[in-house]
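Mind the numbering: the first sequence is residues 319 to 794 in the numbering used here, read in order.
Have a look at the structure below before the remarks.
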Amino acid sequence: MAVFLHDTMSRELRPLLMKPDRALFGMYCCGPTVYGPAHIGNFRTFTVQDVLRRTLEVAGLRVKHVRNITDVDDKTIRGAQAAGQTLTAFTQQWTDKFHRDCQALGLLAPHVEPSAVAHIPQQVAMIKALVDRGHAYVAKDGSVYFKVCTCKDYGKLTHLDFSKLETQGTNSAGEANDADEYERESASDFALWKSRKPEDGANFWPSPWGEGRPGWHIECSAMSLEHLGATFDLHGGGIDLCFPHHENEIAQTECATGIQGFAAHWFHSAHLLVDGDKMSKSKGNLYTLDQLIAKGFTTTEVRYALIAGHYRSSLNFTFKGVEDAHSALAKLERGTDRLLVAAGFTRAEFLPPATQETQTAWGRFQHAWEVLQNDLNVPGCLGQVFTVLADKDEPTSAQARQDLSGLAKILYALGLTLFTAAPVAAAPAEVVALAAQRWAAKQAKDFAAADRLRQELTALGWAMLDRKDGYDLKPV
RNA sequence: GGCGCGGUAGCCAAGUGGUAAGGCCGGGCUCUGCAAAAGCCCCAUGCGUCGGUUCAAUUCCGACCCGCGCCUCCA
């Protein structure tokens, strides 16, 4: 069985397989614009992509994962100037922050992470090819635009009808689209190269059309061509990138190379809502990972919450959702512990699978794996996992080992790492002393004193959890 | 207006032409001096509304209601 995934362009469920003539499965994902900390909506998309990559690896595909860094655009230039930094210093700082957040969330680093600034020559070369082939024109100010009407199947990804281009001059509100003042021949044409303007400061590069900087869409076309070739297996991004970004990428690459079939499969993830609303700065519901950590959530819990809904449905992110994830993860750990005991393994022996180790057993988690392979159905897969863990039949040692082999692979695919809870902070001496007194009182059957001491501990913010042979202290 | 998505228990969320996974919360029980933890059990005759097809629909078709996304640089 292969991994089947919904393809945005064909709107069908299609298998993802290694092409016989390729050594690697090429996967390109649109990465972040580094002008500030990414928010959890961004991370939903990157986490879903990470689950896809991991799932493909477990399925035995050799994936080459490319995810770009957008480090030159209006926002990064403005941000750098506002911060009084060079563009390079400014974007590097936010790139570093992005990397730290990704690592915290358990995202595997892409195999290649190209930056737009580092690929200016490739972008210029692609624009030149488009001009030479008659797909682009140079405006009076030296900007270069893609001529959409020269791309006869423009709109094929989103199934938009561009035969009536005159309507494209207005937006949904009926207002003229004059957001930019460049001189385009048609309202639907888009910038490939933006001529140097005073507000760009020092951020310009030479080109055959004069100094300037690349447009947004061209970077992904140039970088995917550079690192994956004119055609590759899968292209991913947030649903909002479908149009115009991905539509433009297709047009640019296919017109520049003359080769059809830019990306064989389009993978788009739905948006994250917060408390039922679209995230926005004005609503104040744009959470960053740091803000969630500050609220006491672990990154594993956040990751669980981000993948707990199917990737093609919008997911409503709430604090309750992360709290639910906490309880669910604890249950997952308890169930795994029981299997480890049955198998005679320690937690330290419960390791992620070696990649390419596809022939090993799945045990009772076979079905959970099949569910995951069906359009990356993470919630369905988790449901199956819990169903197996709730099975009251005690497995034999051999069966438990098979189960653990399967479970380890599923947890790897989901990117969930168990048993990572930091040891609770040591209790202060005062608390330790009170606990010792209470334990002594309890042993002496002086329950009145024991209860009083428990209350004192509670007042100090500590709970005392009795065991048969001792006790644990836990902050409340 | 165009294109698209969705409405499943208190909350979250899968799924199927044959009678509703799972998680959270809640309730009960067992265990425990108390507390907690843990284990076990219970928790939608119902899947937006109304029609249609069918032996059978939540699942297919149609209409309608409601919510949401994109329609030029937002993951």
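Where is the CB? At the ideal position from N, CA and C, for every residue including glycine.
Because the structure is a prediction, the values reported are computed rather than measured.
Can you give me the start and stop residues for the beta strand (DSSP E) that residue i sits inside?
i      : result
Leu784 : A quick correction: the sequence has Asp, not Leu, at residue 784. Taken as a continuous stretch (DSSP letters only), the beta strand (DSSP E) holding Asp784 covers Trp780 to Asp784.
Trp584 : Ala581 to Ser587
Cys347 : Phe343 to Cys347
Asp551 : Phe550 to Gly556
Trp511 : Phe508 to Ser513
Pro333 : Glu330 to Leu334
Leu591 : Leu590 to Val592
Under 8 Å by Cβ, that's how I've got residue i and residue j pegged, so tell me the actual separation to the nearest angstrom.
i      : j      : result
Leu425 : Thr373 : Wrong, their Cβ atoms sit about 14 Å apart, outside the cutoff.
Gly354 : Gly402 : At roughly 16 Å, the Cβ-Cβ gap does not stay under 8 Å, so Gly354 and Gly402 are not in contact.
Val435 : Val390 : 5 Å
Leu342 : Leu334 : Between Leu334 and Leu342 the Cβ distance is about 13 Å, and since that is not below 8 Å, they are no contact.
Glu619 : Phe737 : That belief does not hold up - the Cβ atoms of Glu619 and Phe737 are roughly 14 Å apart, past 8 Å.
Asp608 : Leu657 : Actually they are not in contact, since the Cβ atoms of Asp608 and Leu657 sit about 35 Å apart, beyond 8 Å.
Gly533 : Phe508 : 7 Å
Cys420 : Asn386 : At roughly 14 Å, the Cβ-Cβ gap does not stay under 8 Å, so Cys420 and Asn386 are not in contact.
Thr409 : Thr394 : 5 Å
Leu552 : Phe580 : Actually they are not in contact, since the Cβ atoms of Leu552 and Phe580 sit about 11 Å apart, beyond 8 Å.
Thr302 : Ser631 : The question about residue 302 has no answer here: the residues shown for the chain are numbered 319 through 794.
Leu633 : Val369 : Not a contact, Cβ separation roughly 13 Å.
Gly681 : Gly653 : About 13 Å separates the two Cβ atoms, so there is no contact after all.
Ala548 : Ile577 : 4 Å
Phe416 : Pro516 : 30 Å between Cβ atoms; not a contact.
Ser513 : Asp450 : 19 Å between Cβ atoms; not a contact.
Arg756 : Ala768 : 5 Å
Gly519 : Gln399 : 6 Å
Under DSSP, the alpha helix (DSSP H) around residue i begins and ends at which residues?
i      : result
His324 : Unbroken run through His324 is the beta strand (DSSP E), Val321 to Asp325; no alpha helix (DSSP H).
Tyr789 : Premise fails: Tyr789 lies in the beta strand (DSSP E), Tyr789 to Pro793, not in any alpha helix (DSSP H).
Arg621 : Thr617 to Ile625
Glu641 : Phe637 to Ala661
Leu543 : Trp534 to Leu546
Asp471 : Premise fails: Asp471 is in no alpha helix (DSSP H) and is neither H nor E.
Cys573 : Glu565 to Thr575
Gln578 : Run containing Gln578: none; DSSP gives neither H nor E here.
Ala612 : Leu607 to Ala612
Measure the CB-CB distance between residue i and residue j and report whether it falls below 8 Å.
i      : j      : result
Leu700 : Glu565 : no
Ala648 : Ala623 : no
Ala661 : Ala708 : no
Tyr629 : Val376 : no
Glu774 : Leu752 : yes
Gly733 : Arg621 : yes
Thr406 : Val352 : no
Ala797 : Val703 : Because residue 797 is not part of the residues shown, which for the chain are 319 to 794, the question remains open.
Gln684 : Met319 : no
Leu771 : Ala759 : yes
His583 : Asp325 : yes
Leu610 : Leu510 : no
Phe668 : Ala726 : yes
Phe635 : Leu591 : yes
Pro526 : Lys446 : yes
Ile625 : Val706 : no
Met345 : Arg371 : yes
Trp780 : Ala745 : yes
His563 : His589 : no
Let me check you understand the geometry: is the CB of residue i closer than 7 Å to at least one non-hydrogen atom of the ligand MG?
i      : result
Phe364 : This structure lacks the ligand MG; in fact it carries no ligand of any kind.
What are the uninterrupted segments assigned as beta strand (DSSP E) that are 3 or more residues long and contained completely in the region 681-767, given in chain order?
-> none
4 or more residues per run - each alpha helix (DSSP H) lying fully within the region 336-416 | 358-376 and 392-401
Between the region 502-518 and the region 455-464, do three or more beta carbon pairs fall short of 8 Å?
-> yes
Contact between the region 597-617 and the region 570-587 (3+ Cβ pairs under 8 Å) = no
Write down every uninterrupted run of the alpha helix (DSSP H) in the region 438-465 whose length is 4 residues or greater and which is fully enclosed by it, in chain order.
-> 438-450
Taking one C-beta from the region 424-443 and one from the region 552-564 each time, how about it: are there three or more such pairs within less than 8 Å?
-> no
Is there contact between the region 356-363 and the region 603-612, where contact requires at least three CB pairs shorter than 8 Å?
-> yes
How about the region 528-540 and the region 439-451: do they share at least three Cβ pairs that are nearer than 8 Å?
-> yes
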